[in-house]
Amino acid sequence: MRRKTKKMIAVEKVHQQPLEDMLPKLVTDYGLSATADSLGVSKATLGYWLLKFRIDVRRVALAPGDSLQITRLDE
């Protein structure tokens, strides 16, 4: 487990769940800017947190009619 900053711990207390569980869903659903705004941190801070927790963010372009399915593999 990675060491967490005071700000990380404060955000976890407000949302009552670990950042490593919360961040992938928020970024997928709302994007980086909106996630940072909703958590009350800068985009740079959010980027640092994603790196720290080794959360990979990718951008995918879909043509009209295409769809994307994300499958989570349990470790």
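Residue numbers (our numbering): 322 to 396.
Just so you know, even glycine gets a beta-carbon here, dropped at the ideal spot from N, CA and C.
Inter-residue Cα distance where the pair is residue i and residue j
i      : j      : result
Arg323 : Asp377 : 16 angstroms
Gln338 : Lys328 : 14 angstroms
Phe374 : Lys334 : 18 angstroms
Leu367 : Val381 : 20 angstroms
Asp387 : Ala357 : 28 angstroms
Tyr369 : Ser359 : 16 angstroms
Ala355 : Arg379 : 16 angstroms
Pro345 : Arg393 : 11 angstroms
7 angstroms CB neighbourhood of residue i in its chain, flanking five on each side removed
i      : result
Met343 : His336
Leu383 : Leu389
Nearest to residue i (by Cα), restricted to the options the options
i      : options                           : result
Ala331 : Arg379, Val381, Gly368 and Gly361 : Gly361
Glu391 : Glu341, Thr326, Thr349 and Lys325 : According to the sequence displayed, residue 391 carries Ile and not Glu. Closest by alpha carbon: Thr349.
7 angstroms Cβ cutoff met for residue i and residue j
i      : j      : result
Lys364 : Leu371 : no
Spatial neighbours of residue i in its chain, beta-carbon cut-off 8 angstroms, leaving aside the 5 residues before and after
i      : result
Leu340 : Lys325, Met329, Val332, Glu333, Trp370 and Phe374
Own chain partners of residue i with C-beta closer than 6 angstroms, once the 5 adjacent residues on each side are dropped
i      : result
Leu347 : Thr356
Requested in this report: Only counting runs of 4 or more residues, tell me where the alpha helix (DSSP H) segments fall wholly within the stretch 334-396, in order along the chain.
Outcome: 340-351, 353-360 and 364-373
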